[in-house]
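Undergrad: For reference, the structure I am asking about is given below.
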Ligand code: CTP
Ligand code: MG
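Residue numbers (the numbering used here): -5 to 231.
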């Protein structure tokens, strides 16, 4: 499932983020292609921007997927958590392993997708791809008045991981997490975190630098560069 219903406020004004072009092709199309590159993926559920389901269907018809891959498009909600919930509701019977992948991570390599699937198939109820951090992280006491924020702690960097998507789940575990955790404020930004709140185990597999999330304008520059490098080395991506 690909939540793609966000506006992309941090990217700046323009079309909904998932529909913005990368190498001439909408980011969402890259993300769908990245997931369907895995032989284990038989269905991609796209959670579309509000009012954008028809446009997404048309885009996906213009960019055919492998024959083994079916596509369903459903409208998203106000928060990512709500969008994922709508995607879950659209899952047909018989689907036992569910990956949740941000449309905003269009360049995830198929090896990462396959590693997540393999770990779920090996018995983990929830799996996240993750990378060690380059920066040291501080916890602060936020100051809404804009004043200098006091530091309250520095977790040991070696124990921290930045998590990416696709996150993989045993379907029943993901359903249970979304039933148990109510949407608060902007909602959960991480499905695995909701599983943790159930008390169920979550494990990590190696993530990939190219699975970074396109969030701010500089990320688009990086994504274009990664795509250009791939096109130069593979010929046709
Ligand atoms: N998402 C969604 N529905 C929402 C909000 C987010 O499906 N109501 C999706 C986004 O489309 C994206 C993924 O969740 O693929 C990760 O969210 P994020 O990177 O935060 O994207 P946006 O919410 O679009 O960006 P911003 O927070 O800058 O507005
Ligand atoms: Mg967001």
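Built from N, CA and C at the ideal position, the CB exists for glycine as well.
Report whether the distance from the Cβ of residue 88 to the nearest heavy atom of the ligand MG is below 7 Å.
TA: Taking the chain shown and counting its residues from 1, one reaches residue 88 at position 94. Not so, every heavy atom of the ligand MG lies at least 7 Å from the Cβ.
Undergrad: Given residue 132, which residues of its chain have a CB within under 6 Å of its CB, disregarding the five upstream and five downstream residues?
TA: The residue you call residue 132 lines up with position 138 of the chain shown. For residue 132, where only same-chain residues beyond five positions count, the Cβ hits under 6 Å are 145, 148.
Undergrad: With C-beta atoms as the reference, is residue 58 less than 8 Å away from residue 102?
TA: Sequence index remark: in the chain shown, residue 58 carries index 64 (1-based). Sequence index remark: in the chain shown, residue 102 carries index 108 (1-based). No. Outside cutoff.
Undergrad: Between the Cα of residue 37 and the Cα atoms of 222, 111, 62, 44, which residue gives the shortest distance?
TA: Counting from one through the chain shown, the residue named residue 37 turns up at place 43. Residue 37 has its Cα closest to that of 62, out of 222, 111, 62, 44.
Undergrad: Can you tell me whether DSSP reads residue 61 as helix, strand or coil?
TA: Indexing the chain shown from 1 puts residue 61 at position 67. Reduced to three states, the DSSP call for residue 61 is coil.
Undergrad: Starting from residue 163, follow its DSSP beta bridges and name the residues at the other end.
TA: Counting from one through the chain shown, the residue named residue 163 turns up at place 169. Answer is 92, 120.
Undergrad: Please classify residue 87 as buried or exposed, where buried requires at least 16 other C-beta atoms within 10 Å of its C-beta.
TA: One-based indexing of the chain shown puts residue 87 at position 93. Exposed, because fewer than 16 other Cβ atoms sit within 10 Å of the Cβ of residue 87.
Undergrad: In three-state DSSP terms, what is residue 101?
TA: To locate residue 101, count along the chain shown from 1; it is residue 107. DSSP places residue 101 in coil when its eight states are reduced to three.
Undergrad: Could you pull out every residue in the same chain whose Cβ sits closer than 6 Å to the Cβ of residue 188, ignoring the five residues on either side in sequence?
TA: Taking the first residue of the chain shown as 1, we reach residue 188 at position 194. Result list for residue 188: 171, 175, 182, in chain order.
Undergrad: Given this structure, state the Cα-to-Cα distance separating residue 151 from residue 125, to the nearest angstrom.
TA: Position 157 of the chain shown, counted from the start, is the residue given in the question as residue 151. Position 131 of the chain shown, counted from the start, is the residue given in the question as residue 125. Taking the straight line joining both Cα atoms gives about 12 Å.
Undergrad: Taking the C-alpha atoms as reference points, what is the distance between residue 72 and residue 177?
TA: In the chain shown, residue 72 corresponds to position 78, counting from 1. In the chain shown, residue 177 corresponds to position 183, counting from 1. In a straight line, the C-alpha of residue 72 is about 10 Å away from that of residue 177.
Undergrad: DSSP three-state call for residue 176: helix, strand or coil?
TA: Within the chain shown, residue 176 is the residue found at index 182, counting from 1. Residue 176: coil per DSSP, three-state reduction.
Undergrad: Comparing C-alpha positions only, which one of 185, 95, 7 sits nearest to residue 40?
TA: In the chain shown, counting from the first residue as 1, residue 40 sits at position 46. The option with the nearest alpha carbon to residue 40 is 95.
Undergrad: Restricting to Cα atoms, I'd like to know which of 106, 56, 42 is closest to residue 84.
TA: Start at 1 with the first residue of the chain shown, and residue 84 comes out as number 90. The shortest C-alpha separation from residue 84 is found at 42.
Undergrad: Is residue 187 near the ligand MG, in the sense that its beta carbon is under 7 Å from a heavy atom of that ligand?
TA: Along the chain shown, read from residue 1 onward, the residue named residue 187 stands at position 193. Residue 187 Cβ: outside cutoff for every heavy atom of the ligand MG.
Undergrad: So, is residue 204 buried or exposed, given that buried needs 16 or more other C-beta atoms within 10 angstroms?
TA: As a first step, residue 204 is located in the chain shown; it is residue number 210 there, counting from the start. Per the 10 Å Cβ criterion, buried.
Undergrad: Please indicate yes or no: does the CB of residue 74 lie closer than 7 Å to some heavy atom of the ligand MG?
TA: As a working mapping, residue 74 is identified with position 80 in the chain shown. Result yes, Cβ under 7 Å from the ligand MG.
Undergrad: Is the Cβ-Cβ distance between residue 197 and residue 113 less than 8 Å?
TA: On the chain shown, residue 197 is found 203 positions in, with the first residue counted as 1. On the chain shown, residue 113 is found 119 positions in, with the first residue counted as 1. Yes, the Cβ-Cβ distance between residue 197 and residue 113 is below 8 Å.
Undergrad: Could you check where the alpha helix (DSSP H) with residue 37 kicks off and where it finishes?
TA: Indexing the chain shown from 1 puts residue 37 at position 43. Careful: residue 37 lies outside any alpha helix (DSSP H), inside the beta strand (DSSP E) at 37 to 42.
Undergrad: With DSSP as the reference, please indicate the residues paired to residue 19 in a beta bridge.
TA: Along the chain shown, read from residue 1 onward, the residue named residue 19 stands at position 25. BP columns for residue 19 point to 16.
Undergrad: Quick one: grab the DSSP three-state call for residue 81.
TA: For the purposes of this step, residue 81 is identified with residue 87 of the chain shown, where counting begins at 1. Of the three classes helix, strand and coil, the one that applies to residue 81 here is helix, per DSSP.
Undergrad: Which residue's Cα is closest to the Cα of residue 120: 153, -4, 191?
TA: Mapped onto the chain shown, residue 120 falls at position 126. Checked all of 153, -4, 191; the closest Cα to residue 120 is 191.
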